[in-house]
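Have a look at the structure below before the remarks.
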Amino acid sequence: MNINIKNKKLNNWIKEVEDMCRPDDVYVCNGSTEEYNLMMGKLLASGSAIPLKKRPNSYLFRSDPSDVARIEDRTYLSTISKDEAGPTNNWIDPVQLKETMKRLYRGCMRGRTMYVIPFSMGPIGSPISKIGVEITDSPYVVCNMHIMTRVGSRVLDLLSNDGDFIPCLHSVGAPLPKGKKDVQWPCAPIEKKYIRLFPEENLIWSFGSGYGGNALLGKKCLALRIASAIARREGWMAEHMLILRFISPEGKQYHIAAAFPSACGKTNLAMMRPSLKGWKCECIGDDIAWMKIGADGRLHAINPENGFFGVAPGTSYSTNPMAMDTLKENVIFTNCALTDDGDVWWEGMTEEEPSHTIDWKGNDWTPQSKRGAAHPNARFTAPASQCPVICSDWENPAGVPIDIFIFGGRRGSAVPLVYEAFSWDHGVFLGATAASETTSANIGAVGNLRRDPFAMKPFCGYNMGDCFQHWFDMGDRLGNKAPRIFYVNWFRKSEDGKFLWPGFSDNSRVLKWMCDRVDGKVDAQKSPIGFLPKEGDLHLEGVNMSPEDMKELMKVNPEEWRAEIPGIEQHFALFGNRLPERLKKQLKDFISRLG
Ligand code: GTP
Ligand code: SPV
Ligand code: MN
């Protein structure tokens with residue numbers, strides 16, 4: 022071991038993991054640039070990293086074709102009783118699973134180095150931050166953690182002799198026999214992949230995958246699954262939300278937090294460049310929000326992350342220029358295509374497709390190819406500080422006071438562009454019943470409509486029924502200082518299957534209407550699902566849309582909504598006696614409004 026660690030719990034844990042996993046070597050990370058370069062050097066030498074001529078200090082990785090996204094099917098909440106995990110989480114007998122996983126971990130790091138990564142979610146030393154230590158056998162994970170979290174010796178100093186941390190154990194599950202050359206992307210076969218959370222013990226075990234949320238354990242595992250369970254116990258919130266500051270031409274600031282499921286538009290909204298003249302948008306976070314009630318009685322949000330792990334396909338100078346500018350240097354790309362001049366490329370990046378690339382599987386690709394050049398869940402890992410519109414308060418430990426909550430998702434039909442909840446309780450109903458078409462951010466079918474309450478179905482570290490109640494409790498405590506709640510859908514389609522709304526920078530028009538509502542500047546029109554903008558209140562000058570399409574986009578068809586009721590009833594029935602009465606009342610009111 023290269024560093025002398027003072028913390029007793031950490032020393033014991035390192036020893037225990039070393040005994041079980043049998044690495045050749047143990048290396049404790051300090052978070053330095055030299056260390057990053059050392060790791061990347063190893064990855065270059067093994068052929069895993071491909072340097073990009075066009076982007077300084079940037080590299081492309083190609084994953085194993087089986088290891089391209091999160092694996093919700095193989096993610097388990099290990100609570101003592103099944104009831105605590107609730108109906109939306111996988112649960113199997115924890116004793117049995119522990120045996121299975123311990124067997125897998127035994128000797129799994131043979132031939133590899135075991136890296137110990139001390140990291141902080143949130144600014145180091147801030148009272149709102151949480152310390153984790155990830156043990157991994159993947160230098161790719163080390164490099165990504167350097168960008169996505171705050172890694173380093175300062176975290177170890179903070180831990181001192183007896184400070185507490187959340188242990189996050191990760192292995193790619195591919196021991197390397199002596200003398201054998203490593204593969205480009207080591208991982209275990211799907212049936213040996215497991216993500217396992219112990220929310221009652223604040224413990225994380227991940228085996229067999231090297232990808233994103235499966236392997237960068239500070240993100241979905243710690244900052245959402247474990248943190249949401251802690252937050253409920255302690256009376257705060259850990260949500261799958263972007264955080265942005267929206268600034269009016271007069272300089273008034275509004276802080277907005279929006280929960281959309283994976284690959285449904287958080288990164289894009291978080292760093293949007295408004296098409297509305299005079300308005301500005303600044304990014305605070307693009308995926309996760311931790312929120313506490315401040316001394317002023319308002320809800321204050323911080324972004325616990327340090328970087329963006331964003332969806333590459335669809336990102337371009339016309340859709341998300343601020344992301345494109347963030348990606349100029351110091352970036353890790355995973356599963357993008359490689360151009361002949363040494364740059365990355367993905368579908369939607371440029372108006373014209375390159376005539377030839379090497380696709381994400383390492384094969385030749387031309388526009389005639391039947392398969393995509395980049396994987397639909399290809400990602401970039403980039404430092405948040407490189408975003409040109411990063412907010413000056415993005416690392417402020419006090420956070421920013423939230424004015425507006427938005428829920429939303431991907432719905433080809435039925436759901437209009439925007440509507441507002443009648444009340445906090447109605448807003449909780451909108452969040453609890455949110456449904457969205459599945460995306461390639463998870464391994465599994467794409468395009469299936471499913472209920473994804475608060476965009477937290479894959480990430481809630483306790484019984485979702487209790488999560489509903491937690492939202493009511495938070496609302497009760499916030500009273501008239503609670504954020505106003507809205508629902509959006511950027512993805513409604515016309516009959517010929519095209520998106521009706523231009524989206525991206527034009528989403529600023531929707532945000533402005535919300536701000537006008539908060540300021541009491543505009544009235545709204547009551548509909549069975551919520552308040553809709555009155556004609557003329559959504560500023561649409563310069564939007565290239567026919568009045569018919571606009572009508573289609575805003576349409577609320579009671580028949581389509583009545584058809585949602587059985588699905589909502591089934592969804593609610595899952596929670597048995599954990600379903601709050603207040604949600605039952607919301608459903609009853611909704612049914613009667615639909616008539
Ligand atoms: P995760 O990182 O998985 O949590 O995803 P996310 O919620 O941050 O989604 P992201 O912003 O990366 O968007 C996912 C995909 O949706 C990308 O391909 C975007 O180009 C596309 N997208 C985002 N916003 C819009 C929009 O307003 N309209 C349309 N049509 N597509 C959008
Ligand atoms: C998501 O799937 O919501 C992500 C990407 O943000 S991952 O880190 O892989 O979970
Ligand atoms: Mn996400």
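In short: position in the sequence shown from 1, add 21, done, that's my numbering.
Every residue gets a Cβ at the ideal spot worked out from N, C-alpha and C, and that includes glycine.
To the nearest angstrom, how far is it from the Cα of residue i to the Cα of residue j?
i      : j      : result
Leu118 : Val564 : 54 Å
Pro325 : Gly184 : 19 Å
Thr336 : Ala435 : 27 Å
Lys273 : Gly299 : 11 Å
Lys514 : Lys572 : 12 Å
Asp497 : His447 : 13 Å
Tyr338 : Pro270 : 24 Å
Ala442 : Ile506 : 6 Å
Thr340 : Gly132 : 44 Å
Lys519 : Phe140 : 44 Å
Ser457 : Asp473 : 7 Å
Gly234 : Gly616 : 43 Å
Val89  : Tyr57  : 23 Å
Val439 : Gly393 : 32 Å
Val193 : Ile305 : 32 Å
Lys151 : Arg254 : 15 Å
Arg175 : Ile145 : 8 Å
Ser230 : Lys555 : 49 Å
Cys412 : Cys302 : 9 Å
His120 : Met166 : The question names His, but residue 120 is Glu in the sequence shown. Their backbone Cα atoms lie some 29 Å apart in a straight line.
Met22  : Val47  : 5 Å
Gly524 : Trp386 : 30 Å
Glu294 : Gly286 : Inspection of the sequence shows that residue 294 is occupied by Arg rather than by Glu. Cα to Cα, the separation comes out at about 14 Å.
I'd like to confirm something about residue i: is its beta-carbon nearer than 7 Å to some heavy atom of the ligand SPV, or not?
i      : result
Asp88  : no
Arg471 : no
Arg95  : no
Gly433 : no
Leu290 : no
Phe330 : yes
Lys213 : no
Asp626 : The shown model of the chain, from 22 to 616, leaves out residue 626, and the question about it has no answer.
Leu237 : yes
Which residues in the same chain have their Cβ closer than 6 Å to the Cβ of residue i, if we skip the five residues on either side of it in sequence?
i      : result
Ile423 : His276, Ala278, Leu320, Ala322 and Pro504
Lys478 : Thr109
Phe428 : Ala280, Leu451, Gly452, Ala455 and Tyr508
Phe475 : Ala280 and Gly452
Among the residues of its own chain, which have a CB less than 7 Å from the CB of residue i, if the five just before and after it don't count?
i      : result
Ala466 : Thr459
Ile71  : Tyr80, Leu81 and Leu359
Pro334 : Trp367, Glu368, Gly369, Ala395, Pro397 and Ala399
Met169 : Leu237, Gly239, Lys240, Glu326, Asn327, Gly328, Phe330 and Thr402
Ala195 : Pro207, Cys208 and Ala209
Ile619 : Absent from the model: residue 619. The displayed extent of the chain is 22 to 616, so no value can be given.
My understanding is that residue i touches residue j, with C-beta atoms under 8 Å, so please give their C-beta distance in whole angstroms.
i      : j      : result
Gly143 : Trp34  : With a Cβ gap of about 22 Å, Gly143 and Trp34 do not count as contacting.
Cys408 : Met345 : Cys408 to Met345, Cβ: 11 Å. No contact.
Met107 : Asn484 : Before going further, note that residue 107 is Gly rather than Met in the sequence given. Contact flag correct, Cβ pair sits at about 3 Å.
Ile216 : Arg95  : 6 Å
Leu31  : Phe186 : 7 Å
Should residue i be counted as a contact of the ligand MN given a C-beta to heavy atom distance under 7 Å?
i      : result
Ser461 : no
His167 : no
Ser283 : yes
Go through its chain and collect everything with a Cβ distance to residue i's Cβ below 8 Å, but skip five positions before and after it.
i      : result
Ile612 : Ile586
Asp18  : Not covered by the structure: residue 18. The range shown for the chain is 22 to 616.
Asp537 : Val543 and Asp558
Report yes if the C-beta of residue i is less than 7 Å from at least one heavy atom of the ligand GTP; otherwise report no.
i      : result
Trp511 : yes
Asp346 : no
Lys349 : no
Phe520 : yes
Thr100 : no
Asn528 : yes
Can you look up residue i in the DSSP assignment and give me helix, strand or coil?
i      : result
His396 : coil
Thr157 : strand
Lys313 : strand
Trp445 : helix
Met477 : coil
Asp178 : helix
His491 : helix
Val49  : strand
Phe666 : One cannot answer for residue 666 here, as it falls past the ends of the chain, which runs 22 to 616.
His261 : coil
Gly328 : strand
Asp385 : strand
Phe219 : strand
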